[in-house]
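*Asks:*
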Amino acid sequence: MDRYLAMQLLPLFLFGVGAFTSVVLAIDSLFELLRKVVESGLPINIALKVFILKLPYVMVYSFPMSTLLATLMTYSRLSSESELIALRGCGVSVYRMVLTAVLLSSLVTAMTYIFNEQIAPAANYEATRTLEQALKSDKPSFKQHNIYYPEYREVKEKDGSTTKILSRLFYADQFDGKQMQGLTIIDRSREGLNQILVSESAQWNASQKVWNFYNGTIYLVAPDRSYRNILRFEHQQLQLPRTPLNLAENSRDYGEMNISQALQQLEVERLAGNPQKIRKLEVRIQQKIAFPFVCIIFGLVGSAMGTIPQRTGRGTSFGISVIVIFSYYLLLSVSGALAQADILSPLIGAWLPNSFGLVTGLFLLMRVAQR
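Letter by letter, the sequence shown follows residues 0 to 370 of numbering that gives the first Met the number 0.
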């Protein structure tokens with residue numbers, strides 16, 4: 000029975016992967032690449048390379064959708080042709096029939112995790128770099144602009160409460176992969192002494208763990224806001240955090256980072272003290288962990304809905320799949336937004352859609368089993 004159900008599920012799953020991947024790629028990447036080929040002169044071979052590199056990222060989202068489509072279509076057909084009734088007549092329970100779909104969905108979950116963690120982020124990042132290099136071939140392959148890094152410290156008020164104030168502000172016009180250019184640093188980390196540093200360039204000295212600043216001026220400001228001293232220099236070493244360099248080097252989009260890289264970026268954002276970025280990244284990390292398990296949820300929901308006695312064709316099953324998928328992603332967007340707004344915790348915001356889907360699938364399954 001397990002072998003028979005698996006052979007019925009596999010072709011529909013592969014069909015779903017091809018269909019959903021093609022549709023999402025066409026909407027997300029193909030039309031944009033064609034526009035760049037026509038308007039920006041992007042070479043055809045580069046466009047094809049970027050298109051192929053985008054495949055793993057899109058396939059990550061097509062795996063859960065294909066699982067739902069395959070289980071719903073397979074079990075609906077078996078139900079309409081009375082094969083499930085025959086199995087129940089042989090003493091096979093509904094739970095045992097659905098177990099096959101859940102176990103196969105678990106394999107898809109593992110495959111989704113591998114793609115989402117090991118393959119898709121690296122391929123997506125390479126696609127972004129390839130496209131940028133092709134469209135800006137006259138510029139350096141690595142350059143970041145407007146590097147902005149604030150540091151905050153907590154200060155106790157007279158009433159015992161604490162508040163955050165700016166401790167240090169680091170700004171650079173650009174980073175070419177080796178040096179920061181056009182720097183302005185406001186340092187308020189020491190009581191009674193504020194300083195403003197303006198420098199032409201700076202480079203991190205890894206051996207001494209200091210910054211080497213070149214061709215600049217340091218303005219020392221007294222507590223009464225008057226200039227205490229002005230120091231001009233050609234070369235000056237200062238012990239400042241390496242965090243601005245980390246920000247410039249690790250400036251990847253969420254879809255271009257795996258969980259380990261996202262956790263490292265979270266540590267950098269915590270040092271910067273921006274609560275909105277910290278919260279958003281915390282939610283994204285939890286969503287990245289929770290997402291692969293939707294394959295099991297969709298496998299359970301699809302097989303449970305399919306075992307309901309009915310006579311539906313493939314078109315109806317496909318339509319139901321689209322509605323379920325749309326409902327899930329709508330709930331995922333809403334719960335994620337509530338988590339970022341600090342209404343829900345990141346953990347609840349990421350796992351709420353999966354929890355709702357699990358409860359729905361179990362309810363449908365128990366309802367069918369009682370008939």
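Glycine is no exception: its CB is placed at the ideal position from the N, C-alpha and C atoms.
DSSP three-state call for Ala340: helix, strand or coil?
*Replies:* The answer is coil: DSSP assigns Ala340 none of H, G, I, E or B.
*Asks:* Please return the same chain residues whose Cβ sits closer than 7 Å to the Cβ of Leu262, not counting the five positions on each side in sequence.
*Replies:* Taken in chain order, the residues that qualify are Ile284.
*Asks:* Taking the C-alpha atoms as reference points, what is the distance between Glu156 and Tyr147?
*Replies:* Distance between the alpha carbons of Glu156 and Tyr147 is about 28 Å.
*Asks:* Express the C-alpha separation of Ala201 and Phe232 in angstroms, rounding to a whole number.
*Replies:* Distance between the alpha carbons of Phe232 and Ala201 is about 12 Å.
*Asks:* Just grab the DSSP bridge partners of Asp172 for me.
*Replies:* Answer is none; Asp172 lacks a bridge partner.
*Asks:* Counting beta carbon pairs with one atom in the segment 101–109 and one in the segment 329–337, are three or more of them shorter than 8 Å?
*Replies:* Cβ pair count under 8 Å is below three, so no.
*Asks:* Three or more C-beta pairs closer than 8 Å, one from the segment 127–135 and one from the segment 60–72: is that the case here?
*Replies:* Touching, no.
*Asks:* Assess contact between the segment 320–330 and the segment 83–99, defined as three or more Cβ pairs (one per stretch) separated by less than 8 Å. Is contact present?
*Replies:* Contact between the segment 320–330 and the segment 83–99 is absent, because fewer than three Cβ pairs lie under 8 Å.
*Asks:* State buried or exposed for Leu9, treating a residue as buried only when at least 16 other CB atoms are found within 10 Å of its CB.
*Replies:* With fewer than 16 Cβ atoms within 10 Å of its Cβ, Leu9 is classed as exposed.
*Asks:* When you compare only the Cα positions, how much space is there between Lys48 and Ser39?
*Replies:* Whole-angstrom Cα-Cα distance: 16 Å.
*Asks:* Give, in chain order, every unbroken run of the beta strand (DSSP E) that is at least 3 residues long and sits entirely within the segment 82–130.
*Replies:* None, since the segment 82–130 contains no complete beta strand (DSSP E) of that length.
*Asks:* For Ala100 versus Phe12, is the C-beta spacing smaller than 8 Å?
*Replies:* Cβ atoms of Ala100 and Phe12: not closer than 8 Å.
*Asks:* From Phe292 to Asp27, what does the alpha carbon distance come to, in whole angstroms?
*Replies:* The alpha-carbon atoms of Phe292 and Asp27 are separated by roughly 24 Å.
*Asks:* Using only the alpha-carbon positions, how far apart do Lys35 and Leu41 sit?
*Replies:* Those two C-alpha atoms are separated by around 6 Å.
*Asks:* Do the segment 180–197 and the segment 157–170 meet, that is, are 3 or more Cβ pairs less than 8 Å apart?
*Replies:* Enough Cβ pairs lie closer than 8 Å, so yes.
*Asks:* Tell me whether Ser166 sits in a helix, a strand or coil according to DSSP, three-state version.
*Replies:* In the structure shown, Ser166 sits in a strand (DSSP, three-state: E or B).
*Asks:* Would DSSP call Ser140 helix, strand or coil?
*Replies:* Note that Ser140 scores 44 on pLDDT, short of 50, meaning its location in the model is unreliable; the coordinates nonetheless yield the value given after this. The answer is coil: DSSP assigns Ser140 none of H, G, I, E or B.
*Asks:* Just mark Ser140 as buried or exposed, buried being the case when its beta carbon has 16 or more other beta carbons within 10 Å.
*Replies:* Only weak support exists for where Ser140 lies, its pLDDT of 44 falling under 50; the coordinates are left without a value.
*Asks:* Would you mind giving the Cβ-Cβ distance between Gly305 and Ser75, rounded to the nearest angstrom? I have them listed as a contact below 8 Å.
*Replies:* The Cβ separation is near 4 Å, so the contact holds.
*Asks:* At 4 residues or longer, and completely inside the segment 239–294: list those alpha helix (DSSP H) runs for me, N to C.
*Replies:* With a minimum length of 4 residues, the continuous alpha helix (DSSP H) runs that stay inside the segment 239–294 are 242–248, 258–271, 274–289.
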